[in-house]
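Written below as C-alpha cells is the structure these notes are about.
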Amino acid sequence: MEYFEVIIVGGGLAGLTAALHLEQNGHAVLVCEKQQYPHHKVCGEYVSAEVVPYLKKLGISLDAHNIVSIDTMQLSTVSGKSIKGKLPLGGKGISRYALDNLLYESALKRNIPFVFENVTNIQFADDQFEVRTASGNAFSAKMVIGAYGKRSNLDKHLNRPFFRKKSHWLGIKAHYAYKDFPDNLVALHTFEGGYGGLSKTETGAVNFCYLVSYRSFRKENDVHGFNEKVVARNPFLCAFLENAEPLFKEPLAIAQVSFEAKETVKEHIIMCGDSAGLIHPLCGNGMAMAIHSAKLASEQIHCYLTDSIFDRDIMEKRYTALWKQHFGNRLWMGRQLQSLLLNKKLSHIALGLATRSPGLLRYLIKQTHGKPIL
Ligand SMILES: Cc1cc2nc3c(=O)[nH]c(=O)nc-3n(C[C@H](O)[C@H](O)[C@H](O)COP(=O)(O)OP(=O)(O)OC[C@H]3O[C@@H](n4cnc5c(N)ncnc54)[C@H](O)[C@@H]3O)c2cc1C
13 MEYFEVIIVG
23 GGLAGLTAAL
33 HLEQNGHAVL
43 VCEKQQYPHH
53 KVCGEYVSAE
63 VVPYLKKLGI
73 SLDAHNIVSI
83 DTMQLSTVSG
93 KSIKGKLPLG
103 GKGISRYALD
113 NLLYESALKR
123 NIPFVFENVT
133 NIQFADDQFE
143 VRTASGNAFS
153 AKMVIGAYGK
163 RSNLDKHLNR
173 PFFRKKSHWL
183 GIKAHYAYKD
193 FPDNLVALHT
203 FEGGYGGLSK
213 TETGAVNFCY
223 LVSYRSFRKE
233 NDVHGFNEKV
243 VARNPFLCAF
253 LENAEPLFKE
263 PLAIAQVSFE
273 AKETVKEHII
283 MCGDSAGLIH
293 PLCGNGMAMA
303 IHSAKLASEQ
313 IHCYLTDSIF
323 DRDIMEKRYT
333 ALWKQHFGNR
343 LWMGRQLQSL
353 LLNKKLSHIA
363 LGLATRSPGL
373 LRYLIKQTHG
383 KPIL
C-alpha cells in the first residue's frame, strides 16, 4: 500500500491550500478529489482580500488573471430599500472554476500527486490511517485532512451528528452576461425566504448565487418559476433578471446546506474548510475561512511531523482551540445577521439604522471577517 505523510481528502480551496502549504514545508502529500478540474461550484465567488498575502506566500497571485477588485457593498430588502458602503478590507471577484484551478495547476507544477476518485472509507488504527476509494484503491498515511466540503458520504460513515439533522437550505448559482454591473461592487439582495449575491468574475460574467429555504422554494419547485415569482419581487433582482442573459444551460443547485456545528477533529481526522463548519454565505467569508483553516491545520501537522515530542492528542487540541479562536465569533455573528436579514420587519429597521450610521455596516462586516492572513 502506498504511504504518504498526509492524505488530503477533497481538493477544494481548503484541500488544495493544505497541499501547497505542506508540500512547501517538505511533506509528502496526496490529494484525493472526486471531480476533475476545472469545474463550477455553487458559491458567491466573492473572496475576502484577507487571503491575498497568504496565497502570495504559496505562490498564487490574485492580482493577475483579470481578477476583479471589489471595494463596495450594496444591501437591499425585499421592498427595495437599499444602502451602499465601502468594504473595510474588500475582496476579489473570481469564479470557483478559475480559483480552484489556479491552485490545482500550482500543485501540479510542484508535482503534488492527485487521485481523482471518491473516497469511501477512512480508518485509523495503530497510529496510522488507511484511506479507501470507490474503486478499491487503498493508501496509508500518518495524517489525514478532511477537506471534503459541506456534506459527504464520509460524514455518514463517520457518524457525524450534523448529518442526521435535516437542513432547510438550498444553494443556487449561475453566470450571466450583464454589462451594466460595476466591477467593484458586491450586492446582496433579499427576497422571501432567502438572499442572493451579485458580483463580477474574471470573465466579465456576473455571478448570481442565492441561498433559499425549502419552505420558500417548494412553492414553485423550479428555479425559473421561483426567480420569476419570488426572487424578482425585489426590484434590484427584477431589473437584473429582466436584463441579464444566462450563460449556463441550467443553474447549478446544491441541497442540504447545513450550518450546524461540526467537530474540528473526528476520529483523528483534521477537518478543514466547510468540513469543519460553514459560515452563513451572506458574510462572504467561507472561502477565506477554508484557506485560513487549512493554514492553521498545516502548521500544526508540520509541528507534529517534525517534532517527536509533540503528540497527536496535543496537536488535535491545539488545532481545535485555534479554530474556535479564529472562527467562533464569525460564525456566531453570521448566524445573527442571517436571522436579521431574513426578517422582513427587522431588516427594514436595521437598514434604516445603517443608513443613518454608515459606520455600523462597516463594524458588522468586520465582525464576520478576519485580518489579512500572513
Ligand atoms: C450559496 C452559497 C454562497 C456562498 N458564497 C460565498 C462567497 O461569496 N464568498 C465566500 O468566501 N464563500 C462563499 N460560500 C462558502 C464557500 O463556497 C465555502 O465555504 C468554500 O467552498 C469551502 O471550501 P472547501 O474547500 O471547504 O469545500 P469545497 O470547495 O466544497 O471542496 C470540497 C471538495 O471535496 C470534494 N469531495 C467531497 N467528497 C469527497 C469524497 N468523498 N472524496 C473525494 N473528494 C470529495 C468535492 O468534490 C470538492 O471539490 C458560499 C456558500 C454557499 C452555500
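Going by the working numbering, the first residue of the sequence shown is number 13, and it counts up by one from there.
Positions of the beta carbon are idealized from the N, C-alpha and C atoms, including for glycine.
The structure displayed is predicted, hence computed values, not measured ones.
Cutoff 6 Å; reference residue i; Cβ partners in own chain excluding five residues on either side
i: asparagine 78; result: Glu214
i: threonine 380; result: Cys295, Asn297, Arg342, Met345, Gly346
i: glycine 183; result: Val54, Leu223, Ile266, Val269
i: valine 59; result: Gly103, Lys104, Met299
i: aspartate 325; result: none
i: alanine 199; result: Gln86, Leu210
i: glycine 99; result: According to the sequence displayed, residue 99 carries leucine and not glycine. The residues are Asp83, Met85.
C-alpha distance - residue i paired with residue j, whole-angstrom precision
i: lysine 140; j: isoleucine 134; result: First, the residue type needs correcting, since residue 140 is glutamine and not lysine in the sequence shown. Straight-line Cα distance between these residues: approximately 10 Å.
i: glutamate 14; j: glutamate 117; result: 23 Å
i: aspartate 192; j: leucine 259; result: 16 Å
i: tyrosine 226; j: leucine 70; result: 40 Å
i: phenylalanine 175; j: aspartate 167; result: 6 Å
i: glutamine 348; j: glycine 148; result: 44 Å
i: glutamine 350; j: lysine 307; result: 27 Å
i: glutamine 86; j: lysine 96; result: 4 Å
i: histidine 52; j: serine 369; result: 38 Å
i: leucine 334; j: asparagine 255; result: 46 Å
i: glutamate 390; j: arginine 245; result: Residue numbering for the chain in the displayed model covers 13 to 386; residue 390 lies beyond these limits and cannot be assessed.
i: phenylalanine 128; j: glycine 23; result: 9 Å
i: glycine 371; j: arginine 172; result: 40 Å
i: tyrosine 160; j: phenylalanine 16; result: 18 Å
i: valine 80; j: glutamate 57; result: 11 Å
i: lysine 121; j: threonine 367; result: 49 Å
i: methionine 301; j: isoleucine 82; result: 18 Å
i: histidine 236; j: aspartate 138; result: 53 Å
i: tyrosine 316; j: serine 179; result: 36 Å
i: histidine 261; j: serine 164; result: For the sequence presented, residue 261 should be read as lysine rather than histidine. Rounded to whole angstroms, lysine 261 to serine 164 spans 26 Å at the Cα level.
i: alanine 146; j: lysine 46; result: 10 Å
beta-carbon residue i near ligand 1 non-hydrogen atom, thresh 7 Å
i: glutamate 117; result: no
i: lysine 46; result: yes
i: proline 194; result: no
i: methionine 299; result: yes
i: aspartate 325; result: no
i: valine 131; result: yes
i: serine 270; result: no
i: serine 60; result: yes
i: lysine 378; result: no
i: tyrosine 160; result: yes
i: aspartate 286; result: yes
i: serine 164; result: yes
i: glycine 24; result: yes
i: glutamate 279; result: no
i: glycine 237; result: no
i: proline 65; result: no
i: glycine 27; result: yes
i: leucine 372; result: no
i: alanine 302; result: yes
i: lysine 274; result: no
i: valine 21; result: yes
i: valine 243; result: no
i: valine 80; result: no
Chain-order list of residues whose beta-carbon lies under 8 Å from that of residue i (same chain, five-residue window excluded)
i: glutamate 282; result: The residue you asked about is not glutamate; residue 282 is isoleucine in the sequence shown. Excluding residues within five positions, the ones whose Cβ falls inside 8 Å are Met155, Val156, Ile157, Gly158, Thr276, Ala309, Gln312, Ile313, Glu328, Tyr331.
i: lysine 177; result: Ser270, Glu272
i: glutamate 257; result: Tyr188, Ala189, Tyr190
i: aspartate 112; result: Gly23, Gly24, Leu25, Leu28, Tyr49, Pro50, His51, Lys53
Supposed close pair residue i, residue j - CB separation, criterion 8 Å
i: serine 91; j: histidine 360; result: 7 Å
i: tyrosine 190; j: phenylalanine 252; result: 7 Å
i: leucine 28; j: alanine 119; result: 6 Å
i: valine 21; j: valine 131; result: 5 Å
i: glycine 209; j: serine 228; result: With a Cβ gap of about 17 Å, glycine 209 and serine 228 do not count as contacting.
i: lysine 353; j: threonine 202; result: In the sequence under discussion, the amino acid at residue 353 is leucine, which differs from the lysine named in the question. Correct: roughly 6 Å between the Cβ atoms.
i: proline 263; j: lysine 185; result: 6 Å
i: phenylalanine 220; j: serine 94; result: About 17 Å separates the two Cβ atoms, so there is no contact after all.
i: isoleucine 385; j: tyrosine 66; result: 4 Å
i: leucine 115; j: leucine 32; result: 7 Å
i: valine 43; j: isoleucine 124; result: 6 Å
i: leucine 25; j: alanine 61; result: In fact, because the Cβ distance is near 15 Å, the residues do not count as touching under 8 Å.
i: histidine 338; j: histidine 304; result: 7 Å
Same chain only: Cβ atoms within 7 Å of residue i, ignoring 5 sequence neighbours per side
i: lysine 162; result: Val269, Ser270, Asp286, Leu290
i: glutamate 232; result: Phe238, Lys241, Val242
i: tyrosine 109; result: Pro50, His51, His52
i: glutamate 142; result: Gln135, Ala150, Ser152
i: glycine 320; result: Correcting the residue type first, residue 320 is serine in the shown sequence and not glycine. Nothing meets the Cβ criterion.
i: alanine 40; result: Phe16, Glu17
i: leucine 365; result: Leu372
i: aspartate 195; result: Val80, Lys212
Min CB distance residue i to chain C below 8 Å
i: arginine 122; result: The chain labelled as chain C is not found in the depicted structure, where only one protein chain is given.
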